[in-house]
Amino acid sequence: MEISLPTFDFLVVAPEIVVLITALLVMVVDMVIGREQKGRLAWVALVGVLAAGALSYYLWDGSDPALHDMLAADGYALFLNLAILVAAALAILFSLEYTGRVGLAQGEYYTLLLLSTAGMMLMAAAINLMTIFLALEILSISLYVLVGLNRAERRSAEAALKYFVLGAFASGFLLYGMALIYGQAGTTSLAGIRAAVQAGGEPSALLLVGLGLMIAGFGFKVALVPFQMWTPDVYQGAPTSVTAFMSVGAKVAGFAALGRVALYAFGDLQGDWRWVLAVLSALTMTVGNLAALRQANLKRMLAYSSIAHAGYALAGLAAGNAQGTSGLLFYLFAYAFMNAGAFAIIIAAGRFEGATGGGETLDDFAGLAARKPGLAVAMALFMLSLAGVPPLAGFLAKLYVFGAAVRGGLIWLAVFGVVNSVISAYYYLRVVVSMYMREGRPAAVPAPVCAGLQVGVALAAVAIVLLGLWPGPIVDLARVAALALLGG
Amino acid sequence: MILLWLILWLLSGGLLAWLLSRWRAVWARWVSLFFTATYLASLVVIWILSPEAEEAGPGSWLIDLNLSWIPNLGINLHLALDGLGLLLLLLVGVLGVMTVATSWTGAQERTGFFHFNLLWILAALAGVFMAMDLVLFYLFWEMMLIPLYFLIGIWGYENRVYATLKFFIFTQAGGLLMLLSILGLYFAHGNNTGVYTFDYFQLLGNTVPLATAIWLMLGFFVAFAVKLPAVPVHTWLPDAHTQAPTAGSVDLAGLVLKAGAYGLLRFLVPLFPEAAGRIAPAAMILGVIGILYGAFQAYGQTDLKRMVAYTSVSHMGFVLLGVFAWNPLALQGAVVVMIAHGISTGALFILAGDIQERIHSRDLERMGGLWSTMPRMGAVGLLFALASLGLPGLGNFVGEFLVLLGAFQANVPIAVLATLAFVVSAVYSLAMIQRVFFGPNREGWDLPDASPREMGIWVVMVVLIVVLGLYPRPVLDTARPALEALQEYAAAGEHVEVEVGEASWLGSTAHGSWDTAVDGVDGGRP
């Protein structure tokens, strides 16, 4: 008797496998090395992430191989993998000294970080409702733990609980939506759903409700209004390096899956979901920016700002055309550098406050330019890029998505985006004002800044300048990625 | 490539100044002086040699450089220079050298960063005056904001943070509306022709329907009106000018405001001739309101720098008036006003800065009788106050008179109202001199007169404003081909939209009038 095993092309998911193996490796190494050597785990994790990045870039040859209707290694997944791995690599660099200072258990920390990275990458590659859900849970459960990892800090535990409860709720929404869609389409494969949508003339209510519920589920992950309630508390309570990572990675992953579901599976129902996303986008940016105006705590401010940026990015999706999709991808890529970088400066500033925590408020940043000119320049770049000032990456990203919105006939949405950019300039500039134009007190602990963090910040800063001045290669890549999704 | 090098030269000069200041602060000053002076010198060479320039573009374009930048989005690195741009670049160079020289003893803290910002403002402005791709233009347009923001915010006076935020938000809001219009134009043009491009020359003569064009034009108009500034979006200006350090005020008044005027001339009218025609009367009225309102406000100020700032509002009203009159006389006048105002107001701000440095106050109530203790500065101050009030023989008169002549052809009542400017400007200018230099020396000031460095600055500025007043021909000759080309672009664009035979607001483009315009004012005595 012959047993036929399904063919399994490991190369398709090689980057994800590398990340998973590294996660396990970190766990094993953690058990054998001494307590004072735990810092080396970070390097193991970093090597794994970089290897995965190199693999996903070099394995990709223009063809779009798929693994049994479950996972795809197309241009879209590749591009998002790069953004996710950038976020992971930066987060590891930013964690080098921070984990020790705050007293996080490093073995668990890097294992969970890599696991959630793998979850994000799988989510970008998932072409089946089942894999989307599994990937989402891998990433979410790791993040729940990471958020609460700082057991000495009560806010961290509170944030973890909040994130977990609301996250489980959102997963429920998502699953319910998936069930409805499955019930109507009879398949969980996105290609199958696409075929079902194309086949039946008038879309059935089940499909639309299912899609709506899925948008709500993803909306939670990427913090769209009105599913954004958890964001400020979680971002503030979580260890800062975790915030730097999740504020980018979870958003990229959420948008990845949302993009695939909306643009690919439900591409023919654009008329039904575009206006929903457009309204959500306008709401999200407005609420995020208005709330950010009043924050004195930078982590909280950046949390609201990240909500606003989810709104901008969503405008690209709402545009519903190839340009909007590549705009969304470029936006996420640029956002990874500037947002993670901004959190890195908060980590660095906390260093001067000793073990007491702090270094998170506008007052703590007063006079930073005099104390740490390099950090201040980088922070100013990140803030200006987030505000969308040319020639930095944030500007080109906004130009791209708003341009797509105008082209897609959503001029009102572009106007909303522009007005919001003006509002946001105010609070981003307050940070610059604080650093450059106010007298600060001397550092409580005149400690040097960790070299790894400096390298990470420098890389992020150079990246946002280069992405603004010479975006050609990334724009090309984003365009190819968008075509992989829309053309397929 | 020379155009790109000009910008890179200033950018690298700024970086070098910042780096070297780590060892000795004074190196930042010498480096900045060297880079701005060589920049100015190379422009003068271009000016003299312009007919034989190797990379000459078609028509009125002296130099043209078009490199591919982001081909996927239709964005090019397109820089080009014509007479109008050249004049403004020269102004950038002159005032650049002056700002470095005038802040030679100021900015003791973070000297390197100060000069970095100074040179980057100049570089961004140079980019604005050369960019022929709308995204590139917007990029430089916003790029000048950031160093200016730092310049005002760090080295400004007591209320600097408020002023700098207000300045940033106003200009940013205007700029983003322009960005929206740029995008709108890009897609409207792309949908009509299938060519998606941000290139200025390809967008000229676009066939955007009038209803859309008006909206797109308004986006540009708001951005340029904020920078210019036109009433009622001028309120950032008095705060920013007053709180900025001297170099910042000179750059703002002398150069940044010109970017707004330049935008109207280069982009707004040629790109949307018909739509601009529709708002021309309103814009001219705004110009007159600016002229008169600025003058009245200036008279009422008790802060010397604030007073000079309001005179800027008044002078720039002439530019708005001139641009929207859109005939050869008015356009030449607008260009001359831009140059003359750059020099004269720059000089007045330097004067205010020098006085502030001596008495640590800008309060007019505390001044008075300064002539007796500083006669040389008094004389210079008087000269520039006279320039400001439009005394024949000095640069401002030529420009403002030409604008009025042109405006008279376009709209008589508005021109008549604008003429009142000569009365009110005399009132505030003389009041300023009266309050600063004459009268009793109530506070008993005993101050050092202008130092050799300061006198050097003054001599250059005085020579420039007098030459411009007595022999404006080189400036007018340089500007004329560029302005003629702009009028042709606009007329060509309008023919697309307006039926042949219909009366056109651009009707008065008869070429003969150009020569009379120049001959008429030669020597400043038409």
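For the record, the sequence lines run as chains A and B.
When we follow numbering that gives the first Met the number 0, the leftmost residue of the first sequence carries the number 0, and every step to the right adds one.
When we follow numbering that gives the first Met the number 0, the leftmost residue of the second sequence carries the number 0, and every step to the right adds one.
By construction, the Cβ of each residue, glycine as well, lies at the ideal position given by its N, Cα and C atoms.
Please read all numbers here as calculations on a predicted model, not as lab measurements.
Inspect the beta-carbon positions of residue i and residue j and report whether they are closer than 8 Å.
i	j	result
residue 459(B)	residue 366(B)	no
residue 96(B)	residue 35(B)	yes
residue 139(A)	residue 166(A)	yes
residue 222(A)	residue 122(A)	no
residue 362(A)	residue 190(A)	no
residue 419(A)	residue 341(A)	no
residue 482(A)	residue 473(A)	no
residue 338(B)	residue 90(B)	yes
residue 62(B)	residue 79(B)	yes
residue 322(B)	residue 263(B)	yes
residue 211(B)	residue 191(B)	no
residue 92(B)	residue 42(B)	yes
residue 24(B)	residue 16(B)	no
residue 385(A)	residue 393(A)	yes
Return helix, strand or coil for residue i, following the three-state DSSP convention.
i	result
residue 154(B)	helix
residue 63(B)	strand
residue 81(B)	strand
residue 5(B)	helix
residue 160(A)	helix
residue 75(B)	strand
residue 68(B)	strand
residue 206(B)	coil
residue 499(B)	At residue 499(B) the pLDDT is 37, less than 50, meaning the model places this residue with poor confidence; the figure from the coordinates comes in the next sentence. Residue state, collapsed to three classes: coil.
residue 409(A)	coil
residue 488(A)	Look at the range of chain A in this structure, 0 to 487, and you will see that residue 488(A) is not part of it.
residue 476(B)	helix
residue 71(A)	strand
residue 250(B)	helix
Any idea if residue i is buried or exposed, counting beta-carbon neighbours within 10 angstroms, 16 or more meaning buried?
i	result
residue 334(A)	buried
residue 67(B)	exposed
residue 9(A)	exposed
residue 500(B)	Note on residue 500(B): pLDDT 37, under 50, position unreliable in the model; the coordinate value appears next. By the neighbour-count rule (16 or more Cβ atoms within 10 Å), residue 500(B) is not buried but exposed.
residue 318(B)	buried
residue 496(B)	Only weak support exists for where residue 496(B) lies, its pLDDT of 45 falling under 50; the value from the coordinates is given anyway. Looking at its Cβ environment, which holds 16 or more other Cβ atoms inside 10 Å, residue 496(B) is buried.
residue 327(B)	buried
residue 445(B)	exposed
residue 47(B)	exposed
residue 73(A)	buried
residue 265(B)	buried
residue 198(B)	buried
residue 34(A)	exposed
residue 151(A)	exposed
residue 281(B)	exposed
residue 177(B)	buried
Which residues mark the beginning and the end of the alpha helix (DSSP H) in which residue i is found?
i	result
residue 114(B)	110–129
residue 211(B)	209–226
residue 169(B)	159–192
residue 143(A)	128–146
residue 394(A)	392–406
residue 205(A)	204–221
residue 201(B)	199–202
residue 352(A)	Unbroken run through residue 352(A): none, as it is neither H nor E.
residue 186(A)	Looking at the DSSP string, residue 186(A) is not in any alpha helix (DSSP H), and its letter there is neither H nor E.
residue 28(B)	24–48
residue 447(A)	Careful: residue 447(A) lies outside any alpha helix (DSSP H) and carries neither H nor E.
residue 454(B)	451–469
residue 257(B)	256–262
residue 340(B)	327–358
residue 110(A)	105–124
Closer than 8 Å by beta-carbon distance: list the chain D residues that pair up with residue i, in chain order.
i	result
residue 424(A)	Of the protein chains in the structure, A and B, none is chain D.
Is residue i near the ligand PLP, going by C-beta to nearest heavy atom under 7 Å?
i	result
residue 233(A)	As for the ligand PLP, it is missing from this structure, which has no ligand bound.
message: Just to confirm the assignment: which complete alpha helix (DSSP H) runs, minimum length 4, are found wholly within the region 1–65 of chain A?
response: Annotation: the region 1–65 of chain A contains the following complete segments of the alpha helix (DSSP H) (minimum length 4 residues), in chain order: 13–31, 40–57.
In chain order, each alpha helix (DSSP H) run of at least 4 residues that lies wholly inside the region 313–380 of chain A: Counting only runs of 4 or more, we get 321–350, 367–370.
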